[in-house]
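K.L.:
One structure is given below, represented as structure tokens, and several questions about it will come after.
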Ligand code: 2HG
Ligand code: ZN
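In the working numbering, the protein residues as written are 154 to 630.
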């Protein structure tokens with residue numbers, strides 16, 4: 154079934170340019186591109202464009218721009234905030250990067266890799282690893298999330314505490330701008346002070362300023378030793394004290410430091426068959442610590458054992474399991490990475506991807522828990538996240554047996570209640586998932602005045618017709 158909403162001349166030009174594999178209009182083929190992972194948004198589109206090269210992507214964008222057709226860039230479609238889902242009008246085309254999957258080069262002198270946007274994060278990690286290098290970015294959705302998407306959203310994840318967010322890894326990139334011109338910034342230089350850092354403008358712009366097609370990413374030597382432990386703790390305060398103890402000994406060794414509440418962990422243990430709790434009994438909270446070193450290094454094990462031994466003695470940690478093999482390490486990580494999936498299986502949830510200064514985390518969790526429990530009796534407050542960098546996924550799962558729609562009807566009340574406590578502690582209402590369409594309404598009160606106005610001016614300068622990912626980041630009025 155050919156979609157009637159594209160002008161016939163544009164339809165024919167796109168089909169000729171991209172071929173049948175790159176131009177999908179049948180509703181059964183386009184459906185999965187119009188719904189987000191959380192199943193919160195069900196949009197429509199006139200077509201899905203799947204260019205295989207930057208050149209084709211640029212030509213397709215120029216054609217759409219000529220006909221004023223809105224465009225929604227989409228990578229692995231794993232957004233938590235509806236950032237890659239079209240609206241319900243059916244007027245937009247989705248431009249998917251799923252056919253741009255070449256790893257173009259790995260440079261051992263500069264420690265970089267150059268990859269196309271549609272390479273999944275996992276494929277990029279594996280390619281670097283096979284060359285004795287490491288791409289130091291890891292997120293739960295890395296099997297589907299692609300490089301274009303992680304840069305467009307400035308993804309963070311588990312290794313931010315050591316290596317920073319996607320932004321810090323992006324040495325160079327190439328993007329197609331809303332008029333179809335190609336911005337080639339594919340340099341691999343550590344130092345390059347030549348005017349505005351345009352690549353950093355594209356990173357985190359959530360597809361509203363252009364579509365990222367290729368990137369140069371900074372790599373690290375592959376760690377030769379890694380030590381991973383899952384620890385039972387009383388609460389976030391103890392988890393932070395444990396983090397401080399490791400940091401005092403060797404901050405550079407900490408590759409990840411994650412937090413999981415008992416409520417969230419219990420959902421994983423009960424709803425994901427392959428993820429039983431590897432400790433003798435459930436605890437109020439857990440910390441996952443991973444240390445790494447580029448050396449074959451026995452001292453890493455000693456460091457882990459010393460700090461944990463001391464913490465057990467002081468009662469900071471009540472139980473712990475250390476991975477004795479790569480399989481055990483992966484099992485520990487699987488427990489952490491299945492948190493989003495387990496919460497999805499538990500019913501509707503309201504996500505608050507927030508960050509606050511580290512010292513404020515315990516009070517934040519306590520106050521926000523009270524506020525949410527008083528708004529919705531029976532609500533399951535299930536926080537977890539990247540506590541070492543201050544990012545908590547303060548997620549709220551519907552009361553057991555409640556009507557999901559009725560629970561979601563309270564999403565703004567819950568998000569606002571949490572956000573006000575975040576504001577009090579000087580935090581951010583979106584630490585790593587971005588604004589997408591879910592959180593646009595928060596922008597005026599959080600980023601209003603000159604900040605939002607400057608963003609609008611940049612948007613208008615690059616996309617005066619508002620064709621690139623409309624409805625994202627900016628509130629409509
Ligand atoms: C994670 O850290 C992801 O696992 C998903 O950022 C968080 O489900 C979430 O809210
Ligand atoms: Zn996360």
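For every residue, glycine included, the Cβ atom is placed at its ideal position computed from N, Cα and C.
When DSSP labels each residue in this structure, what does residue 274 get in the three-state scheme?
P.N.:
On the chain shown, residue 274 is found 121 positions in, with the first residue counted as 1. The answer is helix: DSSP assigns residue 274 an H, G or I state.
K.L.:
If we ignore side chains and look at the alpha-carbon of each, how far apart do residue 162 and residue 362 end up?
P.N.:
Looking up residue 162 in the chain shown gives position 9. Looking up residue 362 in the chain shown gives position 209. So the two alpha carbons sit approximately 26 angstroms from each other.
K.L.:
Please state whether DSSP places residue 545 in a helix, a strand or coil.
P.N.:
Numbered from 1 along the chain shown, position 392 holds the residue referred to as residue 545. Residue 545 falls in the strand class under three-state DSSP.
K.L.:
If you run the structure through DSSP and keep just helix, strand and coil, what is residue 427?
P.N.:
As a working mapping, residue 427 is identified with position 274 in the chain shown. Residue 427 falls in the coil class under three-state DSSP.
K.L.:
Using DSSP's beta-bridge definition, name the partner residues of residue 397.
P.N.:
Locating residue 397 in the chain shown gives position 244, where the first residue counts as 1. Beta-bridge pairing links residue 397 to no other residue.
K.L.:
Going by C-alpha to C-alpha distance, which of 213, 488 and 327 sits closest to residue 429?
P.N.:
Taking the chain shown and counting its residues from 1, one reaches residue 429 at position 276. Cα-wise, what sits closest to residue 429 is 488.
K.L.:
Could you tell me the distance, in whole angstroms, from the CA atom of residue 335 to the CA atom of residue 329?
P.N.:
Within the chain shown, the letter at position 182 stands for residue 335. Within the chain shown, the letter at position 176 stands for residue 329. Near 5 angstroms, if we compare the C-alpha coordinates of residue 329 and residue 335.
K.L.:
How many Å lie between residue 579 and residue 570 at the Cα?
P.N.:
Counting from 1 along the chain shown, the entry for residue 579 is found at position 426. Counting from 1 along the chain shown, the entry for residue 570 is found at position 417. About 15 angstroms.
K.L.:
Does the ligand 2HG have even one heavy atom less than 8 angstroms from the beta-carbon of residue 533?
P.N.:
Stepping through the chain shown from its first residue, residue 533 is reached at position 380. Every heavy atom of the ligand 2HG is 8 angstroms or more from the Cβ of residue 533, so no.
K.L.:
Any heavy atom of the ligand 2HG closer than 8 angstroms to the beta-carbon of residue 450?
P.N.:
Counting from 1 along the chain shown, the entry for residue 450 is found at position 297. Not so, every heavy atom of the ligand 2HG lies at least 8 angstroms from the Cβ.
K.L.:
Report the three-state DSSP secondary structure of residue 281 (helix, strand or coil).
P.N.:
Residue numbering aside, residue 281 sits at position 128 when the chain shown is read from its first letter. It is helical.
K.L.:
For the ligand 2HG, is there any heavy atom lying closer than 8 angstroms to the beta carbon of residue 240?
P.N.:
Here residue 240 corresponds to residue number 87 of the chain shown, with the count starting at 1. No, the ligand 2HG has no heavy atom inside 8 angstroms of this Cβ.
K.L.:
Do residue 310 and the ligand 2HG come close, with the Cβ less than 8 angstroms from some heavy atom?
P.N.:
Here residue 310 refers to the residue found at position 157 of the chain shown. Under cutoff, so the answer is yes.
K.L.:
Please give the ranges of any alpha helix (DSSP H) in the stretch 190-251, keeping only runs that are unbroken, at least 4 residues long and fully inside the region.
P.N.:
If we require 4 residues or more, the alpha helix (DSSP H) runs fully inside the stretch 190-251 come out as 207-219.
K.L.:
Would you decide whether residue 239 is buried or exposed? Buried here means 16 or more other CB atoms lie within 10 Å of its CB.
P.N.:
Locating residue 239 in the chain shown gives position 86, where the first residue counts as 1. Flag for residue 239 reads buried.
K.L.:
Assuming residue 438 and residue 410 make a contact with CB atoms under 8 angstroms, what is their CB distance in whole Å?
P.N.:
Against the chain shown, residue 438 aligns to sequence position 285. Against the chain shown, residue 410 aligns to sequence position 257. In fact, because the Cβ distance is near 13 angstroms, the residues do not count as touching under 8 angstroms.
K.L.:
So, under 8 angstroms CB-CB, residue 233 and residue 564 are touching, yes? Tell me the CB distance rounded to an integer number of Å.
P.N.:
The residue given as residue 233 occupies position 80 in the chain shown. The residue given as residue 564 occupies position 411 in the chain shown. Actually they are not in contact, since the Cβ atoms of residue 233 and residue 564 sit about 13 angstroms apart, beyond 8 angstroms.
K.L.:
Please list, in chain order, all residues with a C-beta atom less than 5 angstroms from at least one heavy atom of the ligand 2HG.
P.N.:
Chain-ordered list of matching residues: 293, 493, 504 and 546.
K.L.:
If you follow the alpha helix (DSSP H) that residue 565 is part of, which residue opens it and which one closes it?
P.N.:
Within the chain shown, the letter at position 412 stands for residue 565. From DSSP, the alpha helix (DSSP H) with residue 565 extends over 564-577.
K.L.:
Tell me which same chain residues have a C-beta within less than 8 angstroms of the C-beta of residue 277, skipping the five on either side of it?
P.N.:
The sequence position of residue 277 within the chain shown is 124, counting from 1. Contacts found: 256, 266, 268, 288, 300 and 370.
K.L.:
By Cβ distance below 8 angstroms, which residues in the same chain neighbour residue 552 in space, the five residues on each side in sequence not counted?
P.N.:
The residue labelled residue 552 in the question sits at position 399 within the chain shown. Contacts found: 529, 530, 531, 532, 533 and 560.
K.L.:
Is the stretch 199-213 close to the stretch 339-357, with three or more CB pairs under 8 angstroms?
P.N.:
Not touching, per the Cβ criterion.
K.L.:
Just how far apart, CA to CA, sit residue 198 and residue 545?
P.N.:
What you label residue 198 is simply residue 45 of the chain shown in a count that begins at 1. What you label residue 545 is simply residue 392 of the chain shown in a count that begins at 1. Approximately 34 angstroms, taken between the alpha carbons.
K.L.:
Alpha carbon to alpha carbon, how far is residue 290 from residue 538?
P.N.:
As a first step, residue 290 must be located in the chain shown, where it is residue number 137. As a first step, residue 538 must be located in the chain shown, where it is residue number 385. Whole-angstrom Cα-Cα distance: 15 angstroms.
K.L.:
Using the C-alpha atoms, what's the distance from residue 435 back to residue 417?
P.N.:
Numbered from 1 along the chain shown, position 264 holds the residue referred to as residue 417. Numbered from 1 along the chain shown, position 282 holds the residue referred to as residue 435. Approximately 11 angstroms, taken between the alpha carbons.
K.L.:
For residue 190, count neighbouring C-beta atoms within 10 Å of its own C-beta (all shown protein chains included) and say buried if the count is 16 or more, exposed if not.
P.N.:
Looking up residue 190 in the chain shown gives position 37. With 16 or more Cβ atoms within 10 Å of its Cβ, residue 190 is classed as buried.
K.L.:
Roughly how many angstroms separate the alpha carbons of residue 605 and residue 285, rounded to a whole number?
P.N.:
Indexing the chain shown from 1 puts residue 605 at position 452. Indexing the chain shown from 1 puts residue 285 at position 132. Going from the Cα of residue 605 to the Cα of residue 285 covers about 43 angstroms.
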